[in-house]
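A.B. asks: The structure under discussion is supplied below as structure tokens; questions concerning it will follow.
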Amino acid sequence: MAERLYLDHNATSPLRPACREAMLGAMDAPRNASSVHAEGRAAKRLVEDARSAVAEAVGAPRESVVFTSGGTEGDNAAILGLVRGGPKVSRIFVSAIEHEAVRLAAEHSGVQVETLPVTSEGVADLEWLAQRLSDYDAKSEGAFLLCLMLANNETGVIQPVAEAAAIARRAGGYVLTDAVQAFGKIPVDFSTLGADILVLSAHKAGGPVGVGAMVVMPGLAFEPFQRGGGQEEYRRAGTHNVAAIAGFGALAEAARPEDYASLAAIRDRIEAGLPESVRVWGRDAPRLPNTLCISARGFPSETQLMVMDLAGLAVSAGSACSSGKVRTSPVLSAMGASEDEARCALRVSLGWDTPEDAGERFLAAWTKEYERVARKVA
Ligand code: PLP
């Protein structure tokens, strides 16, 4: 039987050997990084080495890195932390393509939420933003937060975060950037993005699941999301998951955007081999090199996932399948997808272990099924 082909790296990427090794090396000894004895100090060294590696990978001061349990926690902690404390933001602008962790945290924060629309290419509409904020008066209307992700998980479209942040800052706003899908795949530079908080997760680029970080602008005050011990300078309570943090540190050293750049050739071969009737989402926008999102009318997402799985390929409908169900994507809807297009979406996401012939193998399997199922309907 042919080997399976895993093309769902934006959901989670297999653990890299370097991360596994770092984790195994950190697993057996007692590892409480807050303990003062030798074992505790050794654990703390592992945590601090990982902090240096993550900070270096994103061009941030090491003290600004706060370890979390992943992207979902980082997004929630950042949003609720800024609403409840620090600047006490009273309005949140959320881009129409944000991950649910951002959108739902904002909706449940108790403050007014406005949607920042995107263009049909899936790029945040900066004209809308500039217009909306042109006469925003933070003194009378209260501080605001702009949430704009660096790269979208479904389409891979890269967002103009630095430009959006400049517009928000001129109006006195704060900026949160979810860089979960960008980390390791494209250069991420905290020093030039203009974000107050950057959120990272390790498992989308080959690090362990269940660990991530918030990168917080030095001096930015926010209310800690969870209370308990004084870990992470009182910014995130809870005993460190030392093995996972060590794996994250190894990822920060191993994941090189140059390696991901070469995946664009495989993505482009797939794109070029698809029938003309297939819509490629964000085709003309800057995109992550590893991500391709398409809609093939007459070929429903559920059917595509099932037949591709039977053919030995793991792909995704793009829209979060956290409940195991495929649902219509708000991201594609925000880009103007018809219901039919949104129902027929498929995401292919490549990663660090994707073989050279992945494009040809995907096309062979997909085209065979498309001709069998969709042509009949068309
Ligand atoms: N943000 C984005 C853009 C994501 O794609 C994901 C995961 O799908 C998350 C946040 C959540 O990250 P985690 O799985 O580490 O909680």
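When we follow my numbering, the leftmost residue of the sequence shown carries the number 54, and every step to the right adds one.
Cβ coordinates follow ideal geometry from the N, Cα and C atoms, glycine included.
With DSSP run on the structure shown, which of helix, strand or coil describes serine 117?
C.D. replies: Note: serine 117 maps to helix in three-state DSSP.
A.B. asks: Using three-state DSSP, classify glycine 78 as helix, strand or coil.
C.D. replies: Helix.
A.B. asks: Determine the extent of the beta strand (DSSP E) in which valine 262 is found, giving its start and end residues.
C.D. replies: Element bounds for valine 262: n/a, residue is neither H nor E.
A.B. asks: For glycine 139 and arginine 84, what's the separation of their Cα atoms in angstroms?
C.D. replies: Glycine 139 and arginine 84: Cα-Cα distance of roughly 32 Å.
A.B. asks: So, do the stretch 96-115 and the stretch 244-254 have three or more beta carbon pairs nearer to each other than 8 Å?
C.D. replies: Touching, yes.
A.B. asks: Rounded to whole angstroms, what is the Cα-Cα separation between isoleucine 298 and leucine 199?
C.D. replies: Their Cα atoms are separated by approximately 28 Å.
A.B. asks: One question on the structure: do leucine 203 and threonine 230 come within less than 8 Å of each other, judged by their Cβ atoms?
C.D. replies: Yes, the Cβ-Cβ distance between leucine 203 and threonine 230 is below 8 Å.
A.B. asks: Helix or strand or just coil, what does DSSP make of phenylalanine 197?
C.D. replies: Phenylalanine 197 falls in the strand class under three-state DSSP.
A.B. asks: Going by the C-beta, is asparagine 129 closer than 7 Å to any heavy atom of ligand 1?
C.D. replies: Checking every heavy atom of ligand 1 against the Cβ of asparagine 129, none is found closer than 7 Å.
A.B. asks: Should glutamine 357 and leucine 399 be called a contact, given that it needs their Cβ atoms to be closer than 8 Å?
C.D. replies: The answer is yes: Cβ separation under 8 Å.
A.B. asks: Within the same chain, show all residues whose beta-carbon is closer than 8 Å to that of proline 353, passing over the 5 residues directly before and after it, in chain order.
C.D. replies: Correct list, in chain order: Arg396, Cys397.
A.B. asks: Any heavy atom of ligand 1 inside 7 Å of the beta-carbon of serine 254?
C.D. replies: The answer is yes for serine 254.
A.B. asks: Is the closest heavy atom of ligand 1 to the C-beta of alanine 154 under 7 Å?
C.D. replies: Checking the Cβ of alanine 154 against ligand 1 gives yes.
A.B. asks: Between which residues of its own chain and alanine 159 is the CB-CB distance below 7 Å, once the five residues before and five after are set aside?
C.D. replies: The residues are Ile132, Ile145, Val147, Val166, Cys200.
A.B. asks: Suppose the cutoff is 7 Å on Cβ atoms and the five residues either side in sequence are ignored; what does the same chain contact list for leucine 135 look like?
C.D. replies: Val142, Leu198, Tyr227, Phe275.
A.B. asks: Below 8 Å between beta carbons: does that hold for phenylalanine 415 and isoleucine 323?
C.D. replies: In contact: phenylalanine 415 and isoleucine 323 (Cβ atoms closer than 8 Å).
A.B. asks: Count the CB pairs spanning the stretch 274-291 and the stretch 118-126 that are closer than 8 Å, and state whether there are at least three.
C.D. replies: Counting Cβ pairs under 8 Å, three or more are found: they touch.
A.B. asks: What does a CB cutoff of less than 6 Å around arginine 104 pick up in its chain, not counting 5 residues either side in sequence?
C.D. replies: For arginine 104, where only same-chain residues beyond five positions count, the Cβ hits under 6 Å are Arg115, Val118.
A.B. asks: Report the residue from Ser88, Glu101, Leu403, Glu413 whose alpha carbon sits nearest the alpha carbon of proline 67.
C.D. replies: Measuring from the Cα of proline 67, the nearest candidate turns out to be Leu403.
A.B. asks: Excluding sequence positions up to five away, which residues of its chain have a Cβ less than 7 Å from the Cβ of leucine 304?
C.D. replies: Result list for leucine 304: Arg69, Cys72, Gly237, Ala255, Ala258, Gly259, Gly260, in chain order.
A.B. asks: Please report whether the beta-carbon of alanine 103 lies at a distance below 8 Å from any beta-carbon of chain B.
C.D. replies: You won't find chain B in this structure, because it holds only one protein chain.
A.B. asks: Does the stretch 175-184 come close enough to the stretch 206-214 to have 3 or more Cβ pairs within less than 8 Å?
C.D. replies: Verdict: yes, contact present.
A.B. asks: Quick check on this structure: which residue in Asp249, His293, Gly263, Glu422 has the alpha carbon closest to the alpha carbon of glycine 272?
C.D. replies: Checked all of Asp249, His293, Gly263, Glu422; the closest Cα to glycine 272 is Asp249.
A.B. asks: For alanine 417, which residues of its own chain have a beta-carbon under 8 Å away from its beta-carbon, when the five flanking residues on both sides are left out?
C.D. replies: Correct list: empty, nothing qualifies.
A.B. asks: If you draw a straight line from the alpha carbon of valine 439 to that of leucine 58, how long is it in whole angstroms?
C.D. replies: Given a span of 54 to 431 for the chain in the structure shown, any question on residue 439 remains unanswerable.
A.B. asks: If you count every other CB in all the chains shown that lies within 10 Å of the CB of asparagine 63, and 16 or more means buried, which is it?
C.D. replies: By the neighbour-count rule (16 or more Cβ atoms within 10 Å), asparagine 63 is buried.
A.B. asks: Consider the C-beta atom of glutamine 279 and the heavy atoms of ligand 1; say whether any pair is separated by less than 7 Å.
C.D. replies: Result no, Cβ not under 7 Å from ligand 1.
A.B. asks: For methionine 388, count neighbouring C-beta atoms within 10 Å of its own C-beta (all shown protein chains included) and say buried if the count is 16 or more, exposed if not.
C.D. replies: So methionine 388 counts as buried.
A.B. asks: Would you kindly work out how many angstroms separate the C-alpha atoms of alanine 55 and alanine 364, rounded to a whole number?
C.D. replies: When rounded, the distance between both Cα atoms is 9 Å.
A.B. asks: Can you give the beta carbon distance from alanine 86 to alanine 96, rounded, assuming they're within the 8 Å contact cut?
C.D. replies: Contact holds; Cβ gap of about 4 Å.
A.B. asks: Can you round the beta-carbon distance between glutamine 179 and isoleucine 220 to whole angstroms, since I take them to be within the 8 Å contact cut?
C.D. replies: The residue you asked about is not glutamine; residue 179 is leucine in the sequence shown. Indeed, because the Cβ distance is near 7 Å, the residues count as touching under 8 Å.
A.B. asks: Within 10 Å of its beta-carbon, does aspartate 337 have 16 or more other beta-carbons around it, so buried, or fewer, so exposed?
C.D. replies: Under this definition aspartate 337 is an exposed residue.
A.B. asks: Tell me whether aspartate 231 counts as near ligand 1, meaning its Cβ is closer than 7 Å to at least one heavy atom of that ligand.
C.D. replies: Indeed, a heavy atom of ligand 1 lies less than 7 Å from the Cβ.
A.B. asks: Quick one: which unbroken beta strand (DSSP E) runs of 3-plus residues sit fully inside the stretch 208-253? Chain order, please.
C.D. replies: Runs of the beta strand (DSSP E) inside the stretch 208-253: 227-231.
A.B. asks: Just tell me which of Pro213, Asp362, Trp405, Gly93 has its CA closest to the CA of arginine 340.
C.D. replies: It is Pro213.
A.B. asks: Look at alanine 296 and methionine 80 and say whether their C-beta atoms are less than 8 Å apart.
C.D. replies: In this structure, methionine 80 lies closer than 8 Å to alanine 296 by Cβ.
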